[in-house]
Amino acid sequence: MKGPLFYSKILLFGEYGIIKDSKGLSIPYNFYKGALQISDHPTEEQIKSNGNLSRLTGHIEQLMKENSDFPRFDVETLKADVAAGMYFDSSIPQGYGVGSSGALVASIYDKYAIEKITVLENLTREKLLILKDIFGKIESFFHGKSSGLDPLNSYLSLPILINSSNDIEPAGIPSQSTTGKGAVFLLDSGIVGETAPMVNIFMENMKQEGFRSMLKDKFVKYTDMCVEDFLSGDVKGLFGNVKKLSHVVLDNFKPMIPAQFHDLWKKGLDTGDYYLKLCGSGGGGYILGFTEDLEKAEQSLKDYKLEVVYNF
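So the sequence shown is numbered by UniProt numbering: it starts at 1 and just counts up by one.
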C-alpha cells in the first residue's frame, strides 16, 4: 500500500495575525512530502508514527461521537490499516513550521472520509470553510488549537488567500522569475520548534492592551500590505513592507525568535541584504527570509543553509 503524496506548505504571510483576522497567504512547498504506507519490517520511526496514527484514530472516533455534523470516516478500515502497521512516510521535518501534521491530516481525510469534498469539485468558499473546519478539528489533536489551514493547503495543493477567518479562496500567485535576483528562502535554525507553547505565549500577550494595539496597528497592517504587494507583483512595495514587518516582529515577538538569531535578524534590517520573518509559530524550525539580491543574502548568511522557495 502506498497512498497519494501530500506536500508541505509555507505560510508566507499571516502567522499569528490570522488568529486576529489579518490577511494570510499560504503556498504549497513540494520539496517535502508524505504518504500513508505499510511496511513488513517497520523501523523504530515507523512504529512511533503508527502509534501516533492509532491515537489520532481515537480522536477522529471521538469527534464523530460528539458531533453529528462531523463527517463520517470509515473508522473500521482505518483501525485495520493501523493494526496492520500503517504509518505516515514523510520527509516533512516536524516542528519546522512547514505543515508536517497538516499533510498527515490531509492524507487521512483523503483516504478514509466517506463523503469527502474532493479537489475536483467546484470549490466554493462554503466548501473551503467546511474543509477548513473539519481539518482544524482533526489537527487540534496535535496542537491543541488549529486553524485547519495547513491540512487545507496540503489537501488542495493550491496557494490559499486568507482574507479573514471565514473568508478564504484559492489564489493565483505571480509566476516565478527564472532570471530575477530576488528570492524568498528558508533558513534552518537547527532547532525543533513546538507550536503549542508559542501560541500560549501569544495568547498571554494578547491580554495586554499595548500588545493588542501593536498587533492591529502595525503587525496586521503590514501583513495585509505584504499580501497585497505579493499578489499584485509589486516587488518594490513588498520589500518596503516586509522590512517594516520584520522590525515589528523583532521588537514584539522576541520569545518566538531563537535567541541566537536576534543579532542575525537585526543585521538583515541594518544592511538590507535580507529581511527575516517567522515561518509558522516560531520558537525554532525554519525562519523565512526575503531578499532582493540572493547572492548578497547568501554571502551575508554564509554560515547557514538557505533553501530557495520562490524567485522574484
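Ideal placement from N, C-alpha and C gives every residue a C-beta, glycine not left out.
Asked: Are the beta-carbon atoms belonging to residue 95 and residue 194 less than 8 Å from one another?; Found: yes
Asked: Is there contact here, the segment 118-133 with the segment 154-162, by at least three beta-carbon pairs under 8 Å?; Found: yes
Asked: Rounding to the nearest angstrom, what Cα-Cα distance links residue 69 and residue 149 in this structure?; Found: 20 Å
Asked: Given a threshold of 16 other Cβ atoms within 10 Å of its Cβ, counted over all protein chains shown, does residue 120 qualify as buried or as exposed?; Found: exposed
Asked: What is the DSSP secondary structure of residue 9, reduced to helix, strand or coil?; Found: strand
Asked: Thinking C-beta only, is residue 308 closer than 8 Å to residue 230?; Found: no
Asked: Give me the residue from 249, 273 and 62 with the minimum Cα distance to residue 262.; Found: 249
Asked: What do you get for residue 100, buried or exposed, if any count of 16 or more other CB atoms within 10 angstroms of its CB means buried?; Found: buried
Asked: Let me make sure I understand the geometry here. Which of 257, 172, 105 and 182 has the alpha-carbon closest to that of residue 146?; Found: 105
Asked: Is residue 88 closer than 8 Å to residue 36 when the C-beta atoms are compared?; Found: yes
Asked: Can you list, in chain order, the residues of its chain whose CB lies under 7 Å from that of residue 140, leaving out five sequence neighbours each side?; Found: 146
Asked: Output needed for residue 180: all residues of its chain with C-beta closer than 7 Å, excluding positions within five of it in sequence on either side, in chain order.; Found: 311 and 312
Asked: Can you tell me whether residue 291 is helix, strand or coil according to DSSP?; Found: strand
Asked: Please specify which runs of the beta strand (DSSP E), each continuous and at least 3 residues long, are wholly inside the segment 92-137, giving them in chain order.; Found: none
Asked: Run through DSSP, which three-state label would residue 304 get?; Found: coil
Asked: From the DSSP output, in three-state form, read off residue 285 for me.; Found: coil
Asked: Output needed for residue 219: all residues of its chain with C-beta closer than 8 Å, excluding positions within five of it in sequence on either side, in chain order.; Found: 16, 17, 22, 245, 248, 249 and 252
Asked: Is it right to say residue 183 is buried, meaning 16 or more other beta carbons lie within 10 angstroms of its own, or is it exposed?; Found: buried
Asked: Are the beta-carbon atoms belonging to residue 297 and residue 289 less than 8 Å from one another?; Found: yes
Asked: Where does residue 190 fall in DSSP's three states?; Found: coil
Asked: Let's see if you can read the secondary structure: which residues bound the beta strand (DSSP E) around residue 168?; Found: 167-170
Asked: Could you check where the alpha helix (DSSP H) with residue 155 kicks off and where it finishes?; Found: 149-156
Asked: Classify residue 302 as buried or exposed, calling it buried when 16 or more other Cβ atoms lie within 10 Å of its own Cβ.; Found: exposed
Asked: Under 8 Å by Cβ, that's how I've got residue 188 and residue 305 pegged, so tell me the actual separation to the nearest angstrom.; Found: 5 Å
Asked: Determine the direct distance from the alpha carbon of residue 58 to that of residue 71, and round the result to whole angstroms.; Found: 15 Å
Asked: Counting C-beta neighbours from all protein chains within 10 Å, is the total for residue 26 16 or more, i.e. buried, or is it exposed?; Found: buried
Asked: In three-state terms, what does DSSP make of residue 164?; Found: strand
Asked: Taking the alpha carbon of residue 40 as the point to measure from, which residue in 236, 83 and 190 has its own alpha carbon closest?; Found: 83
Asked: Can you look up residue 177 in the DSSP assignment and give me helix, strand or coil?; Found: coil
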